[in-house]
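2 protein chains.
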Amino acid sequence: MFSKACEYGIKAMIYIAQQDGTRRVGLKQIAEATDSPVAFTAKILQTLVRDGVLVSIKGPSGGFNLSRDAEKINLAHIVKAIDGDEIFIGCGLGLEKCDGSRPCPVHFKFASVRDGLSAMLHSTTLKEMADGLDAGKVYLTH
Amino acid sequence: MFSKACEYGIKAMIYIAQQDGTRRVGLKQIAEATDSPVAFTAKILQTLVRDGVLVSIKGPSGGFNLSRDAEKINLAHIVKAIDGDEIFIGCGLGLEKCDGSRPCPVHFKFASVRDGLSAMLHSTTLKEMADGLDAGKVYLTH
DNA sequence: ATAATAAAGGATAAAAATATCCGAAATAAA
DNA sequence: TTTATTTCGGATATTTTTATCCTTTATTAT
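From first to last, the protein sequence lines are chains A and B. Sequential numbering of the first sequence, starting at 0, is according to numbering that gives the first Met the number 0. Sequential numbering of the second sequence, starting at 0, is according to numbering that gives the first Met the number 0.
See the structure below:
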C-alpha cells in the first residue's frame, strides 16, 4: 500500500507531533521511537523538510519541528510528499490512461475504494493520532 | 497498490476469461493483448498454474485455460496468489503486530478502507470484467 | 519416429527501493 | 574563537522487484 519510506515518514511525523511543539526532536530519538533505520529516516525527514511540512535546525539542541499545528497536517499531505500521488489518482491495473471515458475493467469499483482511502487520508490529522498515542490507545511500534 | 506482477496477472486472467473457454490461449497472444512483457508474464502465469486457478498445456496448440468458470474466480484469489495476503491483513504502517488489542495510530480508519477493498476484490469476478470487455465498455490497454 | 511448437524452470540482468556511510555545513555551547 | 553537535547531501551498498534469456520437457502434427 504505502512504501517503507512512507510508513517511516508517517510514524516519524506522528511522533514529532506528539512532542511539545516548542521542543525540538532529534533524528536518533525519532528513529528509535518509531523503530526505523536512522540513516534512512534522515533521508525521509529531509524530503519532508524540503516539502515544507517539517522544519529542521542544525547544531547542538537542533532537531525537527512541525511547520504548523498538528491539526493542520493530514496523512494525505505526508503520503503525497513521499510516495507521490499515484495512490490517489493511479489506475488499479497500471494503465497510463484510465478514466471514466476509457476505463480499465476495475476502474469504477476501484475508484470508489480509492476515494474512500483518499477521504480517510485527507481527514485524518497528526493531532488526532498524537492524541491517541498520548492516551495510550494506540502504538507506534509492535 | 498492487505489484506490477499482479497487474499483469489480473489483466492476463481477464483476457483469458474473455476467450472461448474451450480454446487455449497462448502466452504471446496474452502478453500482446495485455501490453505486458512476454517473459515476465510467463513467470506470472506459471505462478497461477501452480496455484491451481489456471491450467496450461504444452506443445503445438497448447496454451492456457481457466481451471473453472470465470464467474467462480474473483480478483481476491488472483491478488492473493501473486502478491500474498499482505494487502488483506497487513498493518497500514507496517507493524508486525497490529490489531484491535494493540492498534497502530491508523488501524481502525485503515481497516475500514482495507475491508472495503477486500470486499470489492472478493465480489468482483473475471466473468463480469470479461463481459465488460466484450461489450466494449472497458479496456485492457491504454 | 521425427520435427515443430509451446510452456516450465533455471540462470542471469537491469532497475528500483531500501539502507548505510561519511565529509560538509550550520549552529550552539564552552 | 574553538569545540561539539546535529542536519544536509553525495556516494555507495544491499535487497527486492522487474525483466530477459536459454535449455529442458511435454505434446501435437507430419
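Heads up, the beta-carbon is just placed ideally off N, CA and C, and yes, glycines get one too. Here the structure is a predicted model, which means the values were calculated and not measured.
The beta strand (DSSP E) runs lying completely inside the segment 59 to 86 of chain B and spanning 3 residues or more are 62 to 65, given in chain order.
Counting other Cβ atoms within 10 Å of its Cβ, Phe63/B reaches 16 or more and is therefore classed as buried.
By the neighbour-count criterion, in which 16 or more other beta carbons inside 10 Å mark a residue as buried, Lys10/B falls on the buried side. Under the Cβ distance rule, Val137/A counts among the residues neighbouring chain B, one pair being separated by less than 8 Å. DSSP, reduced to helix, strand and coil, places Thr46/B within a helical segment of the structure shown.
In the structure shown, the three-state DSSP call for Val52/A is coil. In the displayed model, Val37/B falls within a helix according to three-state DSSP. Per the DSSP secondary-structure output, Val24/B pairs in a beta bridge with Phe63/B. Boundaries cannot be given for Val137/B, as no alpha helix (DSSP H) includes it and DSSP labels it neither H nor E. Its chain contains Arg23, Gly25, Ser55 as the residues whose beta carbon lies nearer than 8 Å to that of Gly61/A, once the 5 sequence neighbours on both sides are disregarded; these appear in chain order.
Taking a Cβ-Cβ threshold of 7 Å, the residues of chain A close to Glu6/B are Leu92, Gly93, in chain order. Secondary structure of Asp98/A (DSSP, three-state): strand. The shortest C-alpha to C-alpha distance from Pro104/B to any of Cys90/A, Arg67/A, Gly91/A, Leu120/A is the one to Leu120/A.
Considering only Leu65/A, Phe109/A, Leu47/A, Lys96/A, the residue with the shortest C-alpha distance to Asp82/A is Leu47/A. For a Cβ distance threshold of 9 Å, residue set Ser111, Val112, Gly115, Leu116 of chain B lies close to Gly115/A, ordered along the chain.
Beta-bridge analysis with DSSP links Thr123/A to no other residue. Judged by DSSP in its simplified three-state form, Gln18/A adopts coil rather than helix or strand.
Distance check between Ala118/B and each of Asn73/B, Cys90/B, Asp98/B places Asn73/B closest, using alpha-carbon atoms only.
Taking a beta-carbon distance threshold of 8 Å, Ile13/A counts as an interface residue toward chain B. For Phe1/B, the nearest beta carbon of chain A is closer than 8 Å to its own beta carbon.
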